[in-house]
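In our numbering, the protein residues as written are 30 to 186.
Each residue gets a CB set at the ideal place from its N, CA and C atoms; glycine is no exception.
Report on one structure; see the data block that follows.
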Ligand code: 4NP
């Protein structure tokens with residue numbers, strides 16, 4: 030069976046998209062679906078390439094049993110040929126991903142969506158950027174991503 034590939038994308042790839050990636054990996058592991066997926070994350074920006082996820086996000090995630098292991102990278106035009114789904118955390122990421130695609134790739138392979146389109150419990154239409162805020166922002170990001178990432182998996186199952 031061909032694997033389904035999923036790329037979560039935010040701005041820096043050190044807070045929201047690594048968290049979404051870890052939540053998705055944890056969910057498919059619990060459901061025995063790990064072998065069916067390729068999961069990755071990326072940022073639209075380049076500032077944090079090569080860095081581990083923000084320590085505040087890693088600590089908040091660890092408190093709920095989630096290990097964030099990803100290393101930051103920037104989205105690139107090849108991703109539009111390799112990933113079945115590219116999931117943006119907010120409207121700005123969504124616009125930047127589509128602009129990059131329209132300028133650099135003729136491939137229509139990827140389905141580009143906003144992760145909050147798959148929310149059910151939380152009303153947030155975007156995953157808020159927690160980087161410049163307090164610690165509670167990281168927990169809120171995890172709360173809303175547990176909801177919408179789960180909804181996304183259900184939508185493709
Ligand atoms: P992320 O958060 O997009 O969720 O990884 C941010 C991380 C870093 C910056 C902005 C947002 N920054 O400006 O460096």
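Can residue i be considered in contact with the ligand 4NP, in the sense that its beta carbon sits closer than 7 Å to one or more heavy atoms?
{"i": "residue 160", "result": "yes"}
{"i": "residue 125", "result": "no"}
{"i": "residue 169", "result": "no"}
{"i": "residue 163", "result": "no"}
{"i": "residue 116", "result": "no"}
{"i": "residue 129", "result": "no"}
{"i": "residue 56", "result": "no"}
{"i": "residue 45", "result": "yes"}
{"i": "residue 42", "result": "yes"}
{"i": "residue 72", "result": "yes"}
With a Cβ-Cβ cutoff of 8 Å, do residue i and residue j count as a contact?
{"i": "residue 39", "j": "residue 122", "result": "yes"}
{"i": "residue 45", "j": "residue 78", "result": "no"}
{"i": "residue 141", "j": "residue 126", "result": "yes"}
{"i": "residue 30", "j": "residue 61", "result": "no"}
{"i": "residue 68", "j": "residue 50", "result": "yes"}
{"i": "residue 72", "j": "residue 42", "result": "yes"}
{"i": "residue 148", "j": "residue 172", "result": "no"}
Taking residue i and residue j to be in contact with their CB atoms under 8 Å, please state how far apart those CB atoms are, rounded to whole angstroms.
{"i": "residue 150", "j": "residue 53", "result": "Not really, about 17 Å apart at Cβ, beyond 8 Å."}
{"i": "residue 99", "j": "residue 75", "result": "Between residue 75 and residue 99 the Cβ distance is about 16 Å, and since that is not below 8 Å, they are no contact."}
{"i": "residue 82", "j": "residue 47", "result": "4 Å"}
Between which two residues does the alpha helix (DSSP H) harbouring residue i extend?
{"i": "residue 48", "result": "45-59"}
{"i": "residue 179", "result": "164-185"}
{"i": "residue 140", "result": "Where residue 140 is concerned, there is no enclosing alpha helix (DSSP H), although the beta strand (DSSP E) it sits in stretches over 140-143."}
From which residue to which residue does the beta strand (DSSP E) around residue i run?
{"i": "residue 37", "result": "33-39"}
{"i": "residue 66", "result": "66-72"}
{"i": "residue 98", "result": "From DSSP, residue 98 is part of no beta strand (DSSP E); its letter is neither H nor E."}
Could you name the residues of the same chain whose beta carbon sits closer than 7 Å to that of residue i, not counting the 5 residues immediately before and after it, in chain order?
{"i": "residue 168", "result": "89"}
{"i": "residue 138", "result": "109 and 110"}
{"i": "residue 153", "result": "145 and 173"}
Residues in its own chain within less than 8 Å of residue i by CB, not counting five upstream and five downstream?
{"i": "residue 155", "result": "118, 119, 120, 143 and 145"}
{"i": "residue 94", "result": "55"}
{"i": "residue 33", "result": "65, 66, 67, 113, 114 and 185"}
With a threshold of 6 Å on Cβ separation, who are the neighbours of residue i within its own chain once the five nearest residues in sequence on each side are excluded?
{"i": "residue 134", "result": "106 and 109"}
{"i": "residue 86", "result": "44, 48 and 167"}
{"i": "residue 159", "result": "44, 166, 167 and 170"}
{"i": "residue 182", "result": "56"}
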